[in-house]
Amino acid sequence: MTEKIYGDGAFRRESLKGSTIENTYSGALSFMRRRYTRDLSEADVVVSGVPLDLATTFRPGARLGPAAIRAASVQLAELNLFPWGFDPFDDLAVIDYGDCWFDAHQPWTIRETIKQHALDIIQNSNAKMLTFGGDHFITYPLLQAHAEKYGKPLSLLHFDAHCDTWPDDAPESLNHGTMFYKAIKDGLIDPATSAQVGIRTWNSDFMGMNMLFAPWVNENGVEATVQRIHEIIGGNPVYLTFDIDCLDPAFAPGTGTPVPGGLNSHTALGIIRSLGGLNIVGMDVVEVSPAYDNAEITAIAAAHVAADMLCLMRNKKVAGKL
Numbered sequence: 001m002t003e004k005i006y007g008d009g010a011f012r013r014e015s016l017k018g019s020t021i022e023n024t025y026s027g028a029l030s031f032m033r034r035r036y037t038r039d040l041s042e043a044d045v046v047v048s049g050v051p052l053d054l055a056t057t058f059r060p061g062a063r064l065g066p067a068a069i070r071a072a073s074v075q076l077a078e079l080n081l082f083p084w085g086f087d088p089f090d091d092l093a094v095i096d097y098g099d100c101w102f103d104a105h106q107p108w109t110i111r112e113t114i115k116q117h118a119l120d121i122i123q124n125s126n127a128k129m130l131t132f133g134g135d136h137f138i139t140y141p142l143l144q145a146h147a148e149k150y151g152k153p154l155s156l157l158h159f160d161a162h163c164d165t166w167p168d169d170a171p172e173s174l175n176h177g178t179m180f181y182k183a184i185k186d187g188l189i190d191p192a193t194s195a196q197v198g199i200r201t202w203n204s205d206f207m208g209m210n211m212l213f214a215p216w217v218n219e220n221g222v223e224a225t226v227q228r229i230h231e232i233i234g235g236n237p238v239y240l241t242f243d244i245d246c247l248d249p250a251f252a253p254g255t256g257t258p259v260p261g262g263l264n265s266h267t268a269l270g271i272i273r274s275l276g277g278l279n280i281v282g283m284d285v286v287e288v289s290p291a292y293d294n295a296e297i298t299a300i301a302a303a304h305v306a307a308d309m310l311c312l313m314r315n316k317k318v319a320g321k322l
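In structure tokens form, the structure reads like this:
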């Protein structure tokens, strides 16, 4: 029987599995109180942050997103998760690797630094990455790293208010609205087997991506959306990226580019929880900007999205498919 540890499991826990007994209002703020370590040898999932917001086009502040998501996860670490009914850490070994360090004063180095950070994790282990942004640009170097490991093109499942496929042919630009334009041009993702969910901004060329616009999702509901996602992606290796502004600003005001008419929390979580049939090779949650949040509701929503992603990975681990 595992010895109970009271408090600060982020650095006191010896095993990567199991949960500690914590006061939600105190202690080291790793994600869901997971152990802080860079030992990858036993990890199934590696949580990491990329505190970048130099690529924003409107309100900055997403550099504080990883810390906010960790802080908002404290309630999730004390109970079996709803609607799953289990503690994912009974079966899934998860570590908090800490944040990617980059030199913000040398922006031309940032993309390669993020890519190498991811490669150091996924090339040296069998673990999946769950990354917290930071602005959405971080998904581009993360895709580069995952495509290098899993082969290209990958499929992309992208939750967002924005398509992020606006043209940008400047090779070194940092822009959180053009990453998937570059990813398609680079052959990192296959638009025919990729889906964008919750989009409610216009582009004259969606570059062949399968668009599940926010009005369609809101009108047709969770079941129809999930069915369409599975039809598009099938069994392909897929990278899952969730921009918190996919949620309507009523549910996620703390973000840099909010757009009305988005998904509510019930719909978004219902979709995420139904993605167990996908071959997910990497995940991120991005664009939480705490300065614009109200009562931490955006960070709390992001933490729940991330926790549900871990539950998907737990079920795959139990089924022997991780």
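The opening position of the sequence shown corresponds to residue 1 in UniProt numbering, with each subsequent residue numbered one higher.
Where a beta carbon is used, it is the ideal one built from N, C-alpha and C, also for glycine.
Counting along the chain, L212 sits inside no alpha helix (DSSP H); it lies in the beta strand (DSSP E) bounded by residues N210 to L212. Rounded to whole angstroms, G198 and T165 show a C-alpha spacing of 15 Å.
Here the region 174-185 lies against the region 134-141, with 3 or more beta-carbon pairs under 8 Å apart. Less than 9 Å separates the beta-carbon of G7 from that of T20. Its Cα nearest to that of M209, the residue H158 stands out among N220, H158, A250 and G234. If you draw a straight line from the Cα of P51 to the Cα of L81, it comes to about 27 Å. In the displayed model, V259 falls within coil according to three-state DSSP, outside both helix and strand. Within the model, the alpha-carbon separation for A214 versus G261 is close to 7 Å.
Residues of the same chain with a CB within less than 8 Å of the CB of T201, apart from the 5 flanking positions on each side, are A161, H162, C163 and V259 in chain order. Residue range N279 to V286 is occupied by the beta strand (DSSP E) that includes N279. Under the three-state reduction of DSSP, T131 is assigned to strand. Counting C-beta pairs with one atom in each stretch, the region 308-317 and the region 245-259 have fewer than three that are closer than 8 Å, which means they do not touch. The three-state secondary structure of T109, taken from DSSP, is helix. Considering only L275, R12 and S41, the residue with the shortest C-alpha distance to A127 is S41.
Residue environment for P171: exposed (fewer than 16 other C-beta atoms within 10 angstroms of its C-beta). By the beta-carbon neighbour count (other beta carbons within 10 angstroms, threshold 16), N220 is exposed. A contact between stretches requires three or more CB pairs, one per stretch, nearer than 8 Å, and the region 264-272 fails this requirement with the region 313-320. Counting only residues of its own chain and dropping the five nearest sequence neighbours on each side, I233 has a CB closer than 7 Å to the CB of S155, L157, T193, A195 and L278.
Your pair T131 and D284 checks out as a contact, with CB atoms roughly 4 Å apart and the cut at 8 Å. Only buried fits K115, as 16 or more other CB atoms lie within 10 angstroms of its CB. Looking at the backbone, the Cα of A295 and that of V238 are separated by about 33 Å. Under the 10 Å beta carbon count, H176 is surrounded by 16 or more other beta carbons and is classified as buried. Here F206 has C163 and T165 as same chain residues with Cβ atoms under 7 Å from its own Cβ, once five neighbours each way along the sequence are excluded.
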